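Colleague: The listed protein sequences derive, respectively, from chains A and B.
The opening residue of the first sequence carries number 83 in our numbering; numbering runs sequentially from there.
The opening residue of the second sequence carries number 766 in our numbering; numbering runs sequentially from there.
Just so you know, even glycine gets a beta-carbon here, dropped at the ideal spot from N, CA and C.
These figures come from a predicted structure and were not determined experimentally.
Before anything else, here's the structure in question.
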Amino acid sequence: MPAQDDMREAMLAAVPNLRAFAVSLCGDMDRANDLVQETLLRAWAHQDSFEPGTNMSAWLFTILRNHFRTEYRKRRREVEDADGGYAERLTSPEAQTGHVEFGELREALLHLPPDQREALILVGASGFSYEEAARICECAVGTIKSRVNRARKKLAELLTIELEHEAEVEHELLIRRAV
Amino acid sequence: MPQTEKLEESPKGRLSRDIQRKIGQQLRAMYTDVVNEGVPDRFADLLRRLDDKNK
Chain A
83 MPAQDDMREA
93 MLAAVPNLRA
103 FAVSLCGDMD
113 RANDLVQETL
123 LRAWAHQDSF
133 EPGTNMSAWL
143 FTILRNHFRT
153 EYRKRRREVE
163 DADGGYAERL
173 TSPEAQTGHV
183 EFGELREALL
193 HLPPDQREAL
203 ILVGASGFSY
213 EEAARICECA
223 VGTIKSRVNR
233 ARKKLAELLT
243 IELEHEAEVE
253 HELLIRRAV
Chain B
766 MPQTEKLEES
776 PKGRLSRDIQ
786 RKIGQQLRAM
796 YTDVVNEGVP
806 DRFADLLRRL
816 DDKNK
């Protein structure tokens, strides 16, 4: 076990990435902060289970991910009990996060199944390799790859109309500049 | 003919490649935005309290 101060420093250093991962998973900054807090508490209580020399960040991501999955299942049950549906209860992500700029992307992310969402974020944003992401999600590398591919395809479908327009405009500009 | 098909990407192919590239960029930008917020005080405080308790 590393010295306690090292442990604290390493956990502190991981907080910005943990928050970014958490809010991408749940779409709500308050809830994301709670997820991170719970992750730090659990990690601190189970310091002994961290293997020195392995990736501390991946270890913390695993704890956060597992906690989110447990919470997600619990919440879904509660919401389904209450009104029989989940998607309708998703409120506007802009209002929840205060990050207006990426509102459409955040909302689209919430429409992906959680296993695809987490795979895409880990590989496409957090910068983990497929192998590391597979360890975090406790599945095979091939499974992660196919989840990432499906997530990309689905996001493209959800965001295409707006992005098609943007891409067209950009392409037109490039052509005009080139002429 | 198949050779020209290989060389000239269809507009649809270009579009879907552009879209994937844009989604990737946006995803990273969105993520980096939050990373750049750094460590909110509550987490530094929490870890300090935990640390003190163990000492």
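Just curious, the alpha helix (DSSP H) that Thr-274(A) is in, first and last residue?
Modeller: Because chain A here runs from 83 to 261, residue 274(A) falls outside it and cannot be looked at.
Colleague: What runs of the alpha helix (DSSP H), each 4 residues or longer, lie entirely inside the segment 203–230 of chain A?
Modeller: 212–218
Colleague: Short of 8 Å in beta carbon distance, which residues of its chain neighbour Met-93(A), apart from the five on each side in sequence? Order them along the chain.
Modeller: Taken in chain order, the residues that qualify are Leu-122, Ala-125, Trp-126, Met-138 and Leu-142.
Colleague: Residues of chain D with CB under 9 Å from Arg-90(A), in chain order?
Modeller: The chain labelled as chain D is not found among the protein chains of the depicted structure, namely A and B.
Colleague: Measure the alpha-carbon distance for Arg-155(A) versus His-149(A) and round it to whole angstroms.
Modeller: 10 Å
Colleague: Measure the C-alpha to C-alpha separation of Asn-801(B) and Glu-239(A) and round it to an integer number of angstroms.
Modeller: Between the C-alpha atoms of Asn-801(B) and Glu-239(A) there is a straight-line separation of about 29 Å.
Colleague: Taking the alpha carbon of Ala-104(A) as the point to measure from, which residue in Lys-236(A), Leu-204(A) and Phe-210(A) has its own alpha carbon closest?
Modeller: Put simply, of Lys-236(A), Leu-204(A) and Phe-210(A) the residue whose alpha carbon is nearest the alpha carbon of Ala-104(A) is Leu-204(A).
Colleague: Can you tell me whether Gly-803(B) is buried or exposed, with buried defined as 16 or more other CB within 10 angstroms of its CB?
Modeller: exposed
Colleague: Does Gln-791(B) have its Cβ less than 8 Å from a Cβ in chain A?
Modeller: Yes, because at least one Cβ of chain A sits closer than 8 Å to the Cβ of Gln-791(B).
Colleague: When the Cα of Glu-186(A) is compared with those of Ser-775(B), Arg-782(B), Ser-781(B) and Leu-792(B), which residue comes out closest?
Modeller: Leu-792(B)
Colleague: Any idea what DSSP makes of Arg-813(B), helix, strand or coil?
Modeller: helix
Colleague: Can you tell me the Cα-Cα spacing of His-253(A) and Ile-784(B), whole angstroms?
Modeller: Straight-line Cα distance between these residues: approximately 12 Å.
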